[in-house]
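There are 2 protein chains.
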Amino acid sequence: MTERAIPATIRDVALRAGVSTATVSRVLAGIGNPKPDTAAAVMTAAAELGFRPSGVARSLRMKRTRTLGLIVTDIQNPFFPELVQAADMAARSLGYSILLGSAAYDEHRAMHYLDLMVDRRVDGMIVASSQLSEESWQWLLSSPVPVVVVNAEPTGLPVTVITSDNMGGARLAVEHLLGLGHRRIAYVRGSESFTADAPRLAGFRQACRDAGLREVDCPELRGDAQPEGGERAAAEILERGLDVTAIACYNDMTAIGVLHALRAARRRVPEELSVVGCDDIAAASWVAPSLTTVAQQKSEMGRLAVEHLAAALDGIEDAGTPRTILLPMVLRVRESTGLAPNQDGGRAT
Amino acid sequence: MTERAIPATIRDVALRAGVSTATVSRVLAGIGNPKPDTAAAVMTAAAELGFRPSGVARSLRMKRTRTLGLIVTDIQNPFFPELVQAADMAARSLGYSILLGSAAYDEHRAMHYLDLMVDRRVDGMIVASSQLSEESWQWLLSSPVPVVVVNAEPTGLPVTVITSDNMGGARLAVEHLLGLGHRRIAYVRGSESFTADAPRLAGFRQACRDAGLREVDCPELRGDAQPEGGERAAAEILERGLDVTAIACYNDMTAIGVLHALRAARRRVPEELSVVGCDDIAAASWVAPSLTTVAQQKSEMGRLAVEHLAAALDGIEDAGTPRTILLPMVLRVRESTGLAPNQDGGRAT
DNA sequence: CTAGGCTGAGAAATCGATTACGTGTGCCGG
DNA sequence: CCGGCACACGTAATCGATTTCTCAGCCTAG
């Protein structure tokens, strides 16, 4: 194995340039008015040695690591990569790096990562979680570093939260279906541990009620935010003979599962049944028929989270005050929704 | 904004326990034989203060950060999250953290991240890249920290590379098709900048040749490793009237694009045409028909990369020697492939 | 009873950078 | 011609942990 070169220190540069470490530091930081030849000597010495200041030493002295912790519920959930990418880009452009932790749906592990990151002295933390227990909220409240919560429902606690307007999004989906003439709409929920489940369900109910639909025409089914749950729910709809012309889903993966089950049962989408998802993951436009969905502004969330944190860290006025930011969701019409079939037959009562 | 508690230092603990910082350090590290009451005093003092040692200070002293840099071509490419997850888990279990960088297909940015991570004094780096320029290889060769390259084609350079047996994988795909009776098979390539393109193409050609297929029956088309490229390629196949019964693709996203185009042209899959992908991303089983594909062992790659690095860092015998690890690929048969249609009509000589 | 060995723990050096403070040089004006 | 001031730069403290060296006290054996 090749010998690893031990990296040059500021002392080495100082020695070679014939100046003190203080001067090297100042010249490299562009502070003060060094004499031209001094500056030149330092610059060439640093260049010759390939000097790269140790971030570790600098962090110790400055009490800032310029690192942000980012914990996601599960990086394999296609919702998160776009958020991570946006956060990463925003962070880099502000001179921060991202320390990533993927909790793999394990809340306990998420808390463990929180501690680890604090030990690493990250300057701030972003928790992008679909599910947050009471215990986790307590942790976040007493966090030694600023925290921004992304993608969890606001709780009124003094923590900055950035999330989508889930209720409004669900309404958008239903209103789209209503506009296509649908009057009997099923809703496949996520799992209760997902904080977005409640507001989306509320939005669904509200939109149905506002449109004057009867409760019996708006059946609700349980899913699990995964394709499997959608498949089961759709199978149940068919088995129980629920007479609906559209199915709204907690998220896109659920909707994809629904599409699967409908296809297996030879129900045509959107001719017989319309399906609408939520999130707008990449695969939504890959499935056949492509999925109409309500998009979350994932990049925006990632970017905002980082910018908010950075502002708080740089002591920008008021940036540290807990805020709640609700991002609007956006309807993306594709192939899985269409006009309601206009036969009205077969429905009991 | 709530006042952030300034974290307790080892000095605070020492003061409170009435001992020296050296003793605190030793007790907490479990080194030496402290007297029972000394140990107890330290433990309670540490607990009362909620002492968490500064990773930064420790890193400076130990010259190890217990952090691994991980650079991926693009975290939004569904191939990578599984790898990242596996790497993260393996790293945590070995006491390391992962500093993530997503290059968003920008090689220049990838190099920049490399530098940044070295400045942060990561202990080692994992570069998971679909494309590596000559320049990047040079950088890696002279890296001040151990490097493992994942998912790029081995080059003979003294760098450890972990990747799939792309040639063998492509052969697997073709052999599966041959077994179903297909004798005229098109191949949609990726983009040339992807290092896996060449070996997969080679595997395709070799398998075709070995089966005695004529070159004219094995047309090759250009794609871009994205659904769009697959759509274009499939459209071209149809337009040019290429008489094939199966289409093998560089990766799953390409195959998904192909499925789209075929569906738009009302060609039935797999009855008229079989389609096979490569990688086995999650969406492969979500599309309709679900995609037969050759799976890369993504988790395995992530895990191996971390374990190899960790072994090298812990000075395990020989672990530092550059190695090349080829992981076998695995055929996953789903709905998009079927028996070749047995009409032989319409083909020009 | 004392010399030597053993052991638990403290003092201080160290990691590599930043920065407050001090000093020497040079230039200017009186 | 000399006092003083400005400015460039060096000295040394500092960040928070680890670790080596050293010492003090105690035990045991001769």
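These protein sequences, in sequence, are chains A and B. Numbered by my numbering, the letters in the first sequence go through residues 257 to 605 in order. Numbered by my numbering, the letters in the second sequence go through residues 257 to 605 in order. All C-beta atoms in this analysis are idealised placements derived from N, C-alpha and C, irrespective of residue type, glycine included.
{"Query": "How should B/Val472 be labelled, buried or exposed, when 16 other C-beta atoms within 10 angstroms of its C-beta is the threshold for buried?", "Result": "exposed"}
{"Query": "If I'm right that B/Gly486 touches B/Thr510 with Cβ under 8 Å, what's the distance once you round it to whole angstroms?", "Result": "4 Å"}
{"Query": "Is the Cβ-Cβ distance between A/Ala538 and A/Tyr506 less than 8 Å?", "Result": "no"}
{"Query": "Using a beta-carbon distance below 8 Å, is B/Leu356 in contact with chain A?", "Result": "yes"}
{"Query": "If you follow the beta strand (DSSP E) that A/Cys534 is part of, which residue opens it and which one closes it?", "Result": "530-535"}
{"Query": "Rounded to the nearest angstrom, how far is the Cβ of A/Val269 from that of A/Ala301, given a contact under 8 Å?", "Result": "5 Å"}
{"Query": "Our contact map puts A/Pro402 next to A/Gly380 with C-beta atoms below 8 Å; I'd like the distance itself, whole angstroms only.", "Result": "4 Å"}
{"Query": "Which residues does DSSP pair with A/Ile266 in a beta bridge?", "Result": "Paired residue(s): none; A/Ile266 is not in a bridge."}
{"Query": "Do A/Gly435 and A/Gly459 have their CB atoms nearer than 8 Å?", "Result": "no"}
{"Query": "For B/Val312 and chain A, any beta-carbon pair shorter than 8 Å?", "Result": "yes"}
{"Query": "Identify, in the order they occur along the chain, each residue of the same chain with its Cβ nearer than 8 Å to the Cβ of B/Glu450, setting aside the five sequence neighbours on each side.", "Result": "In the sequence as presented, Glu is not what sits at residue 450 of chain B; that position holds Phe. Around B/Phe450: Ser386, Gln387, Ala481, Tyr506."}
{"Query": "Note down, in chain order, every chain B residue with its Cβ under 8 Å from the Cβ of A/His516.", "Result": "Trp542, Ala544"}
{"Query": "How would you list, in chain order, the residues of chain B whose beta-carbon sits under 9 Å from the beta-carbon of A/Thr580?", "Result": "Those within 9 Å of A/Thr580 in chain B number zero; the least Cβ separation is about 15 Å."}
{"Query": "Consult DSSP for B/Leu569 and reduce its assignment to one of helix, strand or coil.", "Result": "helix"}
{"Query": "Who are the Cβ neighbours of A/Arg603 in its own chain at under 7 Å, not counting the five residues just before and after it?", "Result": "No answer about A/Arg603 holds up, because its pLDDT of 43 lies below 50 and its placement is not dependable."}
{"Query": "Thinking C-alpha only, which one of A/Gln552, A/Pro578, A/Ala568 is nearest A/Met423?", "Result": "A/Gln552"}
{"Query": "Would you say A/Asp375 faces chain B, with C-beta separation under 8 Å as the test?", "Result": "yes"}
{"Query": "What do you get for A/Asn598, buried or exposed, if any count of 16 or more other CB atoms within 10 angstroms of its CB means buried?", "Result": "exposed"}
{"Query": "Give the residues of chain B in contact with A/Arg260, contact being defined as C-beta atoms less than 9 Å apart.", "Result": "Ser399, Pro400, Val401, Pro402"}
{"Query": "Between the beta-carbon of A/Ile493 and the beta-carbon of A/Cys464, is there less than 8 Å?", "Result": "no"}
{"Query": "Closer than 8 Å by C-beta to A/Leu355: which residues in its own chain qualify, once you throw out the five before and the five after it? Chain order, please.", "Result": "Thr323, Leu324, Gly325, Leu326, Met373, Arg376, Val378"}
{"Query": "Give the DSSP-derived three-state secondary structure of B/Arg617 in the structure shown.", "Result": "The question about residue 617 of chain B has no answer here: the residues shown for chain B are numbered 257 through 605."}
{"Query": "Interface residues of chain A around B/Ser530 at Cβ under 7 Å?", "Result": "Here the premise fails: no neighbours, minimum Cβ distance about 16 Å."}
{"Query": "Taking C-beta pairs closer than 8 Å, name the residues in chain B that A/Asp344 reaches, listed in chain order.", "Result": "Ile331, Leu356, Gly357, Ser358"}
{"Query": "How would you call B/Glu338, buried or exposed, if buried means at least 16 neighbouring beta carbons within 10 angstroms?", "Result": "buried"}
{"Query": "With a cut-off of 8 Å, do at least 3 Cβ pairs link the stretch 329-348 of chain A to the stretch 567-580 of chain A?", "Result": "no"}
{"Query": "In the DSSP assignment, find the alpha helix (DSSP H) that holds A/Ser392 and state where it starts and stops.", "Result": "390-397"}
{"Query": "So, helix, strand or coil for B/Ser555, using DSSP?", "Result": "helix"}
{"Query": "Can you give me the C-alpha to C-alpha distance between A/Val283 and A/Met299, rounded to a whole angstrom?", "Result": "8 Å"}
{"Query": "Grouping DSSP H, G and I as helix and E and B as strand, with all else coil, what is B/Leu515?", "Result": "helix"}
{"Query": "So, at 6 Å on beta carbons, what are the nonlocal neighbours of A/His432 in its own chain, with the 5 sequence-adjacent residues on each side left out?", "Result": "Leu587"}
{"Query": "Restricting to Cα atoms, I'd like to know which of A/Ala567, A/Pro290, A/Ala561 is closest to A/Ala408.", "Result": "A/Ala561"}
{"Query": "Out of curiosity, what's the CA-to-CA distance linking A/Tyr352 and A/Ala568?", "Result": "14 Å"}
{"Query": "Compare the C-beta of B/Thr265 with all C-beta atoms of chain A and state if any pair is closer than 8 Å.", "Result": "no"}
{"Query": "Excluding the 5 residues preceding and the 5 following A/Pro545 in the sequence, name in chain order all residues of the same chain whose CB lies nearer than 6 Å to its CB.", "Result": "Val525, Glu591, Ser592"}
{"Query": "Which residue's Cα is closest to the Cα of A/Gly311: B/Asp536, B/Glu391, B/Arg320?", "Result": "B/Arg320"}
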